[in-house]
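To keep things clear, I will list the structure first and then write my remarks on it.
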Amino acid sequence: MEKRKDINILDFSTIFQALGANLRTGTLRVTSPRRETMIYLYEGQVAGVYSLAHKLRIGEALLKSGKIKKKQLDKALAKQGRYKKNLGRVCIKMKFITEEDLFEALVFQVTEEICDVFTWESIHCEFSEGPPPKELDVHHEAKIRLNLPVDMLVMEAARRTDEWRLLSQSISLLDVYIMTPTAAHYFREANTEGEREILQILDGKRDVEEIAEAAYRGKFEAIKILHSLALKKEIAPLTAKDLVRLGNEEAEKDNSQKAIRLYERALELGVDEFDLSYKLAKMHEAQGNIDEAVQRYLSYGKRCESAGRLKEAVEAYRAVLGLESERLDMHERLIEILMRLRLADDVINESMKLAEKWVARANHEDAINLWRRVVDFAPESTIALRRLADLYRAADDPVQAIIELESLASILLARKKTKEAIDVYREMLGLDRECVQARVGLAETLASTGATEEAVREYNALAENLSASGVIRDTTNWEFLINIYEKIINLTPDNLLARRWLATAYQEKDNREKALSHLRGIVETLISRELFSEAIPPLRKIIELDAGDVEGRLRLAELYLRERDTERALVEYHRLAKHAMSQGDFALAKRALTRSLEINPFDLTALREFAEIAAREDDVVSQVERLTAIARMAAAAGMYPEARAAYADILSVDPENLAALSELAEIHIQRGNIREAIDLLVQSASKHLEMQNLGLAIETAQRVLALQPGHVRARSLLTEARRRSGHVILPDGKSQQPTLTTAQAEPSTPQPVIVTPGEKPGTPGGEKSDVLGSIQKLQKMKLGSEVSGVRSSISKSSQNLGDISDAVRGVAASGGKRPPASDSMIDIIPDSPDEGGEDDAPPADDPLDALEAMGDVPSWKDAEGNAGPTIELPDGNEEEE
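For the sequence shown, numbering that gives the first Met the number 0 begins at 0 and goes up steadily by one.
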């Protein structure tokens with residue numbers, strides 16, 4: 000069957016019955032401007048229906064057909080997941096329905112959908128042979144095949160159609176109703192379930208059709224109940240003005256489909272609102288109903304014209320062209336109204352669009368007539384004269400083209416647009432070399448620029464062969480040629496040929512400033528034309544001539560980046576940074592280095608230069624931060640000499656940097672340099688002991704002994720750290736925790752240590768320590784937990800180094816492409832082991848496990864299981880050490 004559209008319901012009935020009578024198998028797609036339904040027929044009988052607006056759901060079908068109640072449906076839905084069956088089967092299993100009920104519910108729903116099609120006003124039909132599309136397989140869930148006779152459905156639709164004709168005389172599907180006070184009795188009386196259900200759905204917003212869709216019964220039955228309530232004046236419809244107000248609210252919510260229904264009903268009721276057609280057009284446009292939107296815009300535009308509201312008419316006609324750009328008649332109408340409004344710029348813009356459409360249709364005559372009218376409207380419009388001259392040239396009418404060009408040149412001269420006027424005169428000479436007006440106009444114009452008659456004559460002679468002569472570089476009269484080319488530049492500053500020649504000439508004459516001026520002009524022109532790669536060579540020449548051109552270097556680097564040459568871009572940023580540092584301009588150097596790090600966060604060279612700047616600014620903190628980043632990145636990338644050098648630099652400016660000592664030691668261990676690692680760890684343990692970081696001193700000393708069990712210095716440090724932490728050193732060198740708590744001690748035993756916040760034992764003046772192991776942290780955590788936290792931090796640091804190594808390798812593998820930028824370089828540097836807070840270390844089940852696991856460390860309880868010594872805190876509380 001061929002596609003048929005805009006058919007009436009009688010035609011649809013004939014088509015539908017013919018498909019059934021001929022036992023056809025396939026899908027009948029029925030569409031209207033707002034709805035679409037697909038009907039699948041198998042051997043002439045209806046087997047399934049799919050509606051875009053109302054997707055078939057078994058629960059809804061059972062509810063609307065009266066087979067189950069809402070509470071039963073809710074229970075079935077709750078059980079569906081457990082039974083892992085379709086909803087229909089769940090309802091049967093729960094004995095809410097029978098197989099027959101399920102079948103009848105599906106028949107009911109399909110009948111509702113097909114009968115609804117018979118109420119549509121304008122439809123389009125298309126039949127496709129074969130199996131149903133994927134969307135149409137709507138009954139597979141119920142595992143039931145429907146085979147409904149077409150004639151039965153047509154008869155039911157005809158019955159409803161006849162009944163609807165009677166109902167529609169007093170009720171509209173688009174009416175919105177509200178309940179009147181007299182309807183309250185339905186909520187008190189028995190046998191009024193249908194009325195109560197409908198009244199409960201009424202909300203003063205949904206129309207009749209939407210109420211019927213929401214009801215737990217058939218659509219037609221719900222409409223009949225509404226009709227009955229309306230006749231009894233139990234419900235009252237909103238007025239046309241109320242519908243418009245409600246439509247405006249829905250439009251603000253972007254609910255265009257609902258707004259359309261409300262606006263259209265208001266128009267049917269004869270509401271007198273001037274711009275309602277415009278609002279309705281906007282809503283149709285939002286819904287994609289182009290034809291309807293265009294008709295509404297046209298209706299509104301004509302009404303605006305009649306009322307003298309020309310600006311609103313312009314808006315409406317522009318909306319039409321936005322939807323149907325090929326409406327040439329409407330475009331002409333728009334231009335006429337713009338002329339009436341004296342909007343010259345708008346007239347020109349719209350005329351250009353319309354003329355292009357005429358030319359695209361090879362209709363030069365209508366395009367010429369259009370521009371002729373525009374010139375009559377705006378005689379001094381250079382655009383109109385230019386377009387008219389071009390059209391005459393295309394129409395092979397050089398005489399008329401010259402006439403229009405002469406008018407154009409005169410207007411340009413009056414506006415001091417000398418360059419454009421010269422171009423126009425030359426264009427005229429291109430059409431007719433013997434044109435007297437063109438020669439005179441060109442000569443006078445060039446003379447007004449200060450050129451002599453001979454210079455103008457020579458320039459014209461030279462200009463004709465400038466690009467093809469090939470003898471310019473060999474001429475001896477350079478001064479004359481330089482003068483000619485300078486005049487060319489005055490007229491056409493973006494003339495690359497002239498600028499290149501002048502730049503070369505001035506370089507050979509050692510006129511550096513003028514050479515730079517023209518080189519910069521070349522760069523600006525190329526960049527304005529987006530010829531970025533071609534701008535690089537002249538820009539490099541500029542930097543060669545002027546090493547202090549900061550902006551030039553920055554621009555060169557950015558051009559390399561635009562061309563994806565990150566390696567050269569980085570080189571330029573480094574050169575700029577070096578130059579700035581040599582001039583003492585650290586701010587500029589930082590700017591260049593920051594940009595370099597944005598491109599490649601793993602740029603060790605940039606970090607080194609940042610560290611150098613920090614050193615020259617006496618900013619030790621920043622210097623150490625940058626050196627630490629270098630060391631860790633180099634280590635992660637396997638660049639161990641660079642890492643060792645960076646750590647050495649850190650220790651040279653910050654000898655107390657225990658993190659650097661520890662990390663450098665770990666590198667030596669990984670590289671197998673055990674002796675060097677031991678020396679560093681011994682230094683670290685000694686400094687921890689000196690700073691009263693006893694837990695870290697013990698762990699570091701044990702780390703050394705794990706590497707070299709007989710190390711005398713490490714054993715000495717371990718013994719001293721244990722002694723200071725409260726261990727009893729036995730004659731055999733082992734340590735043991737005291738067996739008496741402070742509370743049990745005799746008067747002669749040592750008194751509890753009183754520690755004031757901010758003080759460090761053994762440090763005069765209560766000086767604060769800014770490293771891990773400070774007395775404040777010891778007050779808050781047990782020693783075992785502190786050591787465990789350090790180990791965890793070191794482990795995390797090692798993991799982070801691995802992550803950075805992967806990132807460095809990723810950058811190398813990507814060919815130098817820029818990784819995702821971070822706010823600063825520090826963002827990607829892993830925290831050093833001594834930078835975490837007290838919450839960084841995961842708590843252990845037993846705070847002493849961490850210490851006991853390290854080696855020969857005694858329990859912190861005596862033989863009878865008594866707790867160890869206590870420390871009195873400043874607030875009087877006691878905490879086990």
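Glycine included, C-beta positions come from ideal geometry on N, C-alpha and C.
- T36 is bridged by DSSP to V29, S50.
- Taking C-beta atoms under 8 Å as the contact rule, K278 and A250 qualify, at a distance of about 7 Å.
- The criterion of a C-beta distance shorter than 7 Å is satisfied by G246 and A258.
- Around the beta carbon of A514, a 10 Å sphere encloses 16 or more other beta carbons of the protein chains shown; the residue is thus reported as buried.
- Here R81 is not near C114, since their CB atoms are 7 Å or more apart.
- Pairing A420 with A408 gives a Cβ-Cβ distance under 7 Å.
- Inter-residue distance for R712 and V703 is about 9 Å (C-alpha atoms, whole angstroms).
- In the DSSP annotation of this structure, the continuous segment of the beta strand (DSSP E) that includes P236 starts and ends at 234 to 236.
- Within 10 angstroms of the beta-carbon of A705 lie fewer than 16 other beta-carbons, which makes it exposed.
- By DSSP's assignment, S595 forms no beta bridge with any residue.
- Following the DSSP letters along the chain, one finds C90 in no beta strand (DSSP E) but inside the alpha helix (DSSP H) bounded by residues 86 to 92.
- Under the three-state reduction of DSSP, Q707 is assigned to coil, being neither helix nor strand.
- The segment 561 to 574 makes no contact with the segment 515 to 530; the number of CB pairs closer than 8 Å stays below 3.
- CA-to-CA, the gap between L62 and R326 works out to about 50 Å.
- Taking each of E379, D431, L428, G440 in turn and checking the Cα distance to I410, the smallest one comes out for E379.
- By the CB criterion at 7 Å, L105 and A60 fall inside the cutoff.
- In the three-state reduction of the DSSP assignment, F126 falls in the strand class.
- Comparing alpha-carbon positions, the option among D290, K252, R244 lying closest to V270 turns out to be R244.
- Within the same chain, no residue comes within 6 Å of E267 by CB-CB distance, once the 5 residues on both sides are set aside.
- In summary, F186 is exposed, with fewer than 16 beta-carbon neighbours lying within 10 Å of its beta-carbon over all protein chains present.
- Between Y646 and A659, the CB-CB gap stays under 7 Å.
- Around the beta carbon of Q701, 16 or more other beta carbons sit within 10 angstroms, so the residue counts as buried.
- For the segment 184 to 245, the continuous alpha helix (DSSP H) assignments of 4+ residues that do not extend past its boundaries occur at 192 to 200, 207 to 213, 218 to 230, in sequence order.
- The beta carbon of G25 sits closer than 7 Å to the beta carbons of L40, F126, S127, E128, G129 from its chain, once the five residues preceding and following it are set aside; these are given in chain order.
- Under the DSSP definition of a beta bridge, L147 partners with V45.
- Taking 4 residues as the minimum length, the alpha helix (DSSP H) runs contained wholly in the segment 411 to 441 are 417 to 430, in order along the chain.
- The straight-line gap separating the alpha-carbon atoms of H578 and G671 is approximately 41 Å.
- Residue pairing for Y176: DSSP places it in a beta bridge opposite P236.
- By the neighbour-count definition (other C-beta atoms within 10 Å, threshold 16), N692 is a buried residue.
- Straight through space, the alpha carbons of S595 and L587 are spaced by roughly 12 Å.
- A straight line joining the alpha-carbon of F376 with that of E208 spans about 54 Å.
- Secondary structure of I542 (DSSP, three-state): helix.
- When secondary structure is reduced to three states using DSSP, P640 falls in the helix class.
- Considered as a whole, the segment 650 to 719 harbours 657 to 670, 673 to 689, 693 to 706 as its complete alpha helix (DSSP H) runs of no fewer than 4 residues, in chain order.
- Counting along the chain, the unbroken alpha helix (DSSP H) around A633 starts and ends at 619 to 635.
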